[in-house]
Amino acid sequence: MPYKIKLLINNKENEYIRNEPPMVENLIDALKIQRIEIEMDTTENGQTDKQIEERFNGYADFAVKFWHNQFSKKDFLSGLPTSAFDLIKNPVWDTLGYDPDALEDEDENDEKKD
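Note that the sequence shown covers residues 967 to 1080 in our numbering.
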C-alpha cells in the first residue's frame, strides 16, 4: 500500500509517496509518539504545552524519516493542513501494528454486552 501525504509548501501543493512497508527505524519513532501520547492521556492536570509540542514534533520527525527526507520538519509543520492529520497518523498506526477498526469493533461489542 503506498503511503501518500500532501503538503502545502510555498503556496504549492506537493505530494510525497512511499511505496515500501515501515522499517524498524520507523518503529522506533512511532514508539516515541506512542509514549508521549500515553503520557498525555494519563496526565492528571491535562496536557502540558511541552507535551503538545513534543507530540507534534514527534509526528514531524516520523514523517520526515518515513518519507525519506523528501521534505523538512518545518515543511511538515507549516504545510500539513489540520484536516489532513490522519495522513500521518495512519502510517504511525500501521508501523505500530495498530488497527483502529479493530478497536472500534471491540468498543461496539463491549457496548452490546452492557
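Cβ atoms here follow ideal geometry from the backbone N, Cα and C, with glycine treated the same way.
For residue j and residue i, the rounded distance between their alpha carbons
i, j, result
"residue 1039", "residue 1000", "19 Å"
"residue 1023", "residue 987", "22 Å"
"residue 1043", "residue 1060", "21 Å"
"residue 1010", "residue 1058", "26 Å"
"residue 1051", "residue 1065", "17 Å"
Closest residue to residue i among the options (Cα-Cα distance)
i, options, result
"residue 974", "1019, 968, 982", "982"
"residue 971", "1068, 1036, 1066", "1036"
"residue 989", "1042, 1032, 968", "1032"
"residue 998", "1014, 1020, 1041", "1020"
"residue 976", "1046, 1015, 1010, 1058", "1046"
"residue 1025", "1063, 1002, 1012, 1014", "1002"
Which residues DSSP lists as bridging residue i, in chain order
i, result
"residue 1018", "Note: residue 1018 sits in no beta bridge, so no partner."
"residue 980", "973"
Proximity below 8 Å, CB of residue i to CB of residue j
i, j, result
"residue 1028", "residue 980", "no"
Buried or exposed by the 16-neighbour rule on C-beta atoms within 10 Å, applied to residue i
i, result
"residue 1082", "Absent from the model: residue 1082. The displayed extent of the chain is 967 to 1080, so no value can be given."
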